[in-house]
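Enquirer: In the order they appear, the protein sequences are chains A, B, C and D. Numbering-wise, this note's numbering puts 94 at position 92 of the first sequence, and it's gapless, one number per residue. Numbering-wise, this note's numbering puts 242 at position 240 of the second sequence, and it's gapless, one number per residue. Numbering-wise, this note's numbering puts 100 at position 98 of the third sequence, and it's gapless, one number per residue. Numbering-wise, this note's numbering puts 24 at position 22 of the fourth sequence, and it's gapless, one number per residue. We put the CB at the ideal spot given by N, CA and C, even for glycine. Would you mind keeping the following structure in view while I ask a few things?
4 protein chains.
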Amino acid sequence: MARDKNEKVEPAEQLKRASEWWTTKIVDIKPGSIRMRGYAIEELIGRISFPQMIWLMLRGELPTAEQSSLLEAALVSAVDHGPHAPSISISRMAVTCGLPLNGAMASAINVLDDIHGGAGEQCMALYAQISQRLDRDEPIVSATEAALEAFRAEFGKIIPGFGHRFHPTDPRSVRLLALVDDARKSGFVDGRFADIGRCVESVLERQKGKKLPMNIDGATAVIYSELGFPPPLGRGLFILSRSVGILAHAWEQTQQGGRIKGPMPPSIPYNYTGEPERHLALQKTTDQ
Amino acid sequence: MARDKNEKVEPAEQLKRASEWWTTKIVDIKPGSIRMRGYAIEELIGRISFPQMIWLMLRGELPTAEQSSLLEAALVSAVDHGPHAPSISISRMAVTCGLPLNGAMASAINVLDDIHGGAGEQCMALYAQISQRLDRDEPIVSATEAALEAFRAEFGKIIPGFGHRFHPTDPRSVRLLALVDDARKSGFVDGRFADIGRCVESVLERQKGKKLPMNIDGATAVIYSELGFPPPLGRGLFILSRSVGILAHAWEQTQQGGRIKGPMPPSIPYNYTGEPERHLALQKTTDQ
Amino acid sequence: MARDKNEKVEPAEQLKRASEWWTTKIVDIKPGSIRMRGYAIEELIGRISFPQMIWLMLRGELPTAEQSSLLEAALVSAVDHGPHAPSISISRMAVTCGLPLNGAMASAINVLDDIHGGAGEQCMALYAQISQRLDRDEPIVSATEAALEAFRAEFGKIIPGFGHRFHPTDPRSVRLLALVDDARKSGFVDGRFADIGRCVESVLERQKGKKLPMNIDGATAVIYSELGFPPPLGRGLFILSRSVGILAHAWEQTQQGGRIKGPMPPSIPYNYTGEPERHLALQKTTDQ
Amino acid sequence: MARDKNEKVEPAEQLKRASEWWTTKIVDIKPGSIRMRGYAIEELIGRISFPQMIWLMLRGELPTAEQSSLLEAALVSAVDHGPHAPSISISRMAVTCGLPLNGAMASAINVLDDIHGGAGEQCMALYAQISQRLDRDEPIVSATEAALEAFRAEFGKIIPGFGHRFHPTDPRSVRLLALVDDARKSGFVDGRFADIGRCVESVLERQKGKKLPMNIDGATAVIYSELGFPPPLGRGLFILSRSVGILAHAWEQTQQGGRIKGPMPPSIPYNYTGEPERHLALQKTTDQ
């Protein structure tokens, strides 16, 4: 039997360590009882909305109705951007390889990584840098310029959350910012991050000489920052949202059928640029 | 360059085929315009709830407010059942291996397969069998007995959606069924599948001589069936719900830290039952 | 603290159960000692080949040199079939989304499911059915016809392992079968499954009126069956082989760069066939 | 139909772009012909070993027999380290959730990320730093000290490739280094990275006041560096190796059976440390 270096621990102590191996503040389960963050599940079902449950699970407390509405708007906004997005096409290809919905969603969600799913998170981190400078009473324009400079020095020239290779203006961003403005007027959010996002947009336009409009990542980053989510949860919330589109496309592909569907029709060749034909006999270095 | 058998197709026709390679009714994107199922995204953001968006994406039309409330209750109910569930522990282990939230969620969602994530789908298929028998005017008890017998003949003795190895009664199911009863009284749902679910429960109790209470999969299967979802989407909706718990635990583990955390403390040995020590010299069949 | 129904088990018994939760015959680890199937790892390193290690891990004993050579030929044969294969393009797309090699490989390997990765396994199961009929002294042609008929009744008209939508003859199959013939002449394998595979090919040609040549899945199925692997490991071995191509393409894409690369150039539109533009105002059934 | 900004490109040009979307030097496929890095696949099958194929795919040329032997030894060494490793237990848990071998392998391989699968890669990067200092004629001890200091400043105090929480000495490392020494004596490798690895070990011992012996990651990093692989392929090769153990355990679990197997026996509770029971009525901030 495999054993550890440490062999002399008492069984009761061993068991205690085993219990503590999995420690959580999220859910407490006893026979007949399931409590999430202290609330009995049966008190939550039918009384709180799905976005409120998401907030409770991630942050430990329930949001206000107004906070929940903003979160809901952001979740609605990012569900899908069509099969040119790798996440969506992978989901559909996976189905044609025989995968059930869970497998298709897993392969697709996996690619919502730094570049495809992390722009919102990175944008929130950028906004947070600017916000910290505002706390130190820097004016917003110079705070933004300094934060952009620091960001570029560390991560390169692409500023996440701004510009789109397809949309001249992103209709989602315009609408989301309008909702933030409404919430600010009503006093439900502070509005600091809406100001920051717009300042980044205007500084970028001046620096580039053309408009790089705030995209969906930049706009949801405003909302998630206003609501107090830490940057990594910007990625997590985007995943919850985009999962809806990934599921919808997997299901549509299931109904369409198709087998082992690659990225393009087989009649369109790919581009081979490697070695021309050669033979093992020419290869002196093997022992075969 | 790699080529296809079919070499004589005109470029315009080739391009048409390429476009049709990805065909969808879900989303239409033009520069500056994103329409989901025909609706401009900016009309949906801030006006429909996240569960309504889920319904629209999966089914093509918007639900009524009452349909959406039942869907929301089911989505809220299944978010988490603690780290003894493989999906949750895998999510947490993945984080300690260095994965960001998308990767942890992917490895975890992947295991919501036939056994861990498919019980609701299977239960919906069982209910649908009973429902078809009701359409042929069979009495509900004999319809249920016959469907159970057919199910066992094909899939074995475990009836998905009933019984729980931990909870004597599942508080989620009781609450969900009460919500269906309310909706039935108000005329928003038919109630047929609530009757079917309860009949399965009572037939199983009689057959087994003990209560196998309806569990979360059996109860959400009632709701999703009442709402007209096809069985495979029972799995899909469960995944959207459980993804919230998977994300919450991944995030909690991120904050706790820990490196390469296996399933149990290393001080608890695993059980090796294989070959005792042996040596290659004893092995005559190799050429080494 | 969450607790189980069963509360009275002694700590020592609890611990024993914990140890037995993970039971394996594959590897025994003690401080300073790692034994695989009974052999100290340091005795294996540098003395057995990688395919021999694969065999040992999967089957518990070492293969002969001749068995290992056939396994090696099959592993070499299936490493790659270009980026039109979903597994390969997914691997490359994943890299452009920011994933490291492990993540790209995971998303890609995941899709080697029933249709894209399971053909070899299914073909082995078909061969095994024919082989069982031979054991009952049925002539090979009628055994093959009967097994094909049973297969089609259960799984549909596509016979895994035969025919290719691209190659008129598959150069890998021809070479692999020649190696099996050599091994048969030398008495290292029985040759039964080579006969079975060729008989399936000729029966299919007669039934279809055209040649459906044995493809890579049909040929590796011959080898893995000759070597005594059970059908599910046909899928497993294919995955080990194809993983090499998946890794090579992920690595090439890493070096090429590219960001969020979808399946086709964005300049080629996809085909939207859904609802034309419509508005929420027309939707009476929502409460918004 | 969705369209791009750029609408005036001719079909032939569009097609050319589509072809170039997938550009590779790895594999060229024509009807009846599959060439890997220029070699017809049928010339490779049965003539080159699986490790030689791995090398050819990743690097474009075939290795010598001696290079291939060292690679093979490293691939054999890292296949498995038992179910306490997250990769292995995830593979087994996945099977009990209903996943086939591909899905179990995907969820497991996914977690071979920076911490669980990236130590070899990081160690190779460290060795490369030291090697560059040697090129500038720094003495090896001061080169090692400087590289360690730079590494700690950037990545923290854990030096990948050295020390093991279980093994006082790792039998795999000792054996692998001995093979490198043999190859150096025969002139097949330079030996520079073996010297570097040993120097890191001795500097760490002096700095820590106790031995932090080279582990499997440190030893395979020596071999892969000697063979000229770039650091990211250290991770890739580890994945190919560990995939064998992941598959073997998935297959053993398939044969053992079990359903929805979590990390520990359900009779061992996990540790809930969150909010005590509370009620929605106490929550003033919701609108429910």
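1. Could you check which residue in W23/A, G163/A and I56/A has the C-alpha nearest to that of M38/A?
2. What whole-angstrom Cβ distance do T222/A and A80/A have, given they're in contact under 8 Å?
3. Do you know whose CA, among A96/A, I50/A and P265/A, lies nearest H251/A's CA?
4. How big is the Cα-Cα spacing for L229/C and Q69/C?
5. For V11/B and S269/A, which I take to be in contact (beta-carbon distance under 8 Å), what is that distance rounded to the nearest angstrom?
6. Could you please tell me which residues of the segment 113-130 of chain B, in chain order, have their CB closer than 8 Å to any CB of chain D?
7. Against chain D, which members of the segment 59-75 of chain C pass a CB distance test of less than 8 Å?
8. Below 9 Å between beta carbons: does that hold for M107/A and I262/A?
9. Would you report the Cα separation of G238/A and N104/B, rounded to the nearest angstrom?
10. Under 9 Å between C-beta atoms, does A148/C make it to chain B?
11. Would you say the segment 111-126 of chain C touches the segment 119-134 of chain A, given that touching needs at least three Cβ pairs under 8 Å?
12. With V97/B as the anchor, note down where its beta strand (DSSP E) starts and where it stops.
13. So if I threshold CB-CB distances at 8 Å, which residues from the segment 261-284 of chain B count as touching chain D?
14. What are the start and end residues of the alpha helix (DSSP H) that includes M107/D?
15. Just to confirm, is the Cβ distance from F52/D to S51/C under 9 Å?
16. Any contact of the segment 180-189 of chain D with the segment 131-147 of chain D, i.e. 3+ C-beta pairs under 8 Å?
17. Kindly give me the distance between the Cβ atoms of S89/C and A67/C, rounded to whole angstroms, as I take these residues to be in contact under 8 Å.
18. To the nearest whole angstrom, what separates the beta carbons of I14/D and A20/B, a pair I think is in contact under 8 Å?
19. Just the Cα atoms here: how many angstroms apart are F164/A and K212/A?
20. Please classify E279/A as buried or exposed, where buried requires at least 16 other C-beta atoms within 10 Å of its C-beta.
21. Nearest chain D C-beta to T171/A closer than 9 Å, yes or no?
22. Pop quiz: S245/A and S245/B are said to be a contact at Cβ under 8 Å. What is the actual Cβ separation, rounded to whole angstroms?
23. Quick one: give me the first and last residue of the alpha helix (DSSP H) that D184/C is part of.
24. How is D82/B classed by DSSP in three states: helix, strand or coil?
25. For N273/A, which beta-bridge partners are listed by DSSP?
26. Let me see if you follow: with CB-CB separation under 9 Å, is F164/D close to chain C or not?
27. In the DSSP assignment, find the unbroken alpha helix (DSSP H) run with I160/A in it and report its ends.
28. Mapping the DSSP letters down to three states, classify N8/B as helix, strand or coil.
29. In the structure shown, what three-state DSSP assignment does G247/C receive?
30. Return the CA-CA distance between R154/A and H118/C, expressed in angstroms with no decimal places.
31. So within the segment 33-60 of chain D, which uninterrupted beta strand (DSSP E) runs reach at least 3 residues, ignoring any that extend past its ends?
32. Return helix, strand or coil for D30/C, following the three-state DSSP convention.
33. The alpha helix (DSSP H) with T222/B in it runs from where to where?
34. Is G259/B close to chain A? Criterion is C-beta to C-beta, closer than 9 Å.
35. Considering only the alpha carbon of each residue, which of H169/D, I161/D and K27/D lies closest to I36/C?
36. Among I28/B, G260/B and L282/B, whose alpha-carbon lies nearest the alpha-carbon of L101/B?
Expert: For this structure:
1. Nearest of W23/A, G163/A and I56/A to M38/A, Cα basis: I56/A.
2. Indeed they touch by this definition, with Cβ atoms about 6 Å apart.
3. Considering only alpha carbons, the answer is A96/A.
4. Distance between the alpha carbons of L229/C and Q69/C: 7 Å.
5. So it is a contact: roughly 6 Å between Cβ atoms.
6. Within the segment 113-130 of chain B, V113, L114, D115, D116, I117, H118, G119 and G120 place their CB atoms closer than 8 Å to a CB of chain D, listed in sequence order.
7. The segment 59-75 of chain C vs chain D, Cβ under 8 Å: M59, L60, S71, E74 and A75.
8. Judged by their CB atoms, M107/A and I262/A are not nearer to each other than the 9 Å cut-off.
9. Approximately 7 Å, taken between the alpha carbons.
10. Output row for A148/C: interface = no.
11. Taking 8 Å as the limit for Cβ pairs, the verdict is that the segment 119-134 of chain A does not touch the segment 111-126 of chain C.
12. Element bounds for V97/B: not the beta strand (DSSP E) but the alpha helix (DSSP H), P88 to T98.
13. Within the segment 261-284 of chain B, the residues whose Cβ lies closer than 8 Å to some Cβ of chain D are R261, I262, K263, G264, P265, M266, P268 and Y272, listed in chain order.
14. For M107/D, the enclosing alpha helix (DSSP H) stretches over residues L103 to N112.
15. For F52/D and S51/C, yes; Cβs fall inside 9 Å.
16. Per the Cβ contact rule, the segment 180-189 of chain D is not in contact with the segment 131-147 of chain D (fewer than 3 Cβ pairs under 8 Å).
17. That pair is no contact at about 31 Å.
18. For the record, residue 14/D in the displayed sequence is Ala; it is not Ile. With a Cβ gap of about 13 Å, A14/D and A20/B do not count as contacting.
19. Cα to Cα, F164/A sits roughly 12 Å from K212/A.
20. With fewer than 16 other Cβ atoms within 10 Å, it is exposed.
21. Not flagged as an interface residue toward chain D: T171/A, since no C-beta distance is shorter than 9 Å.
22. Confirmed, about 6 Å.
23. Secondary structure note for D184/C: its alpha helix (DSSP H) is the uninterrupted segment P173 to K187.
24. Residue state, collapsed to three classes: coil.
25. DSSP output for N273/A lists T25/D as bridge partner(s).
26. Output row for F164/D: interface = no.
27. Segment: none, I160/A is in no alpha helix (DSSP H) and carries neither H nor E.
28. Any reading at N8/B must be qualified, since the residue scores a pLDDT of 49, below 50, and its modelled position is unreliable; the value itself is stated next. N8/B falls in the coil class under three-state DSSP.
29. In the structure shown, G247/C sits in a helix (DSSP, three-state: H, G or I).
30. Answer to the nearest angstrom: the Cα atoms are 42 Å apart.
31. Whole beta strand (DSSP E) segments, 3+ residues: 35-38.
32. D30/C: strand per DSSP, three-state reduction.
33. Judged by DSSP secondary structure, T222/B falls within the alpha helix (DSSP H) whose first and last residues are I218 to E228.
34. Not one chain A Cβ lies under 9 Å of G259/B.
35. Checking every option, the nearest Cα to that of I36/C belongs to H169/D.
36. Out of I28/B, G260/B and L282/B, G260/B has the C-alpha closest to the C-alpha of L101/B.
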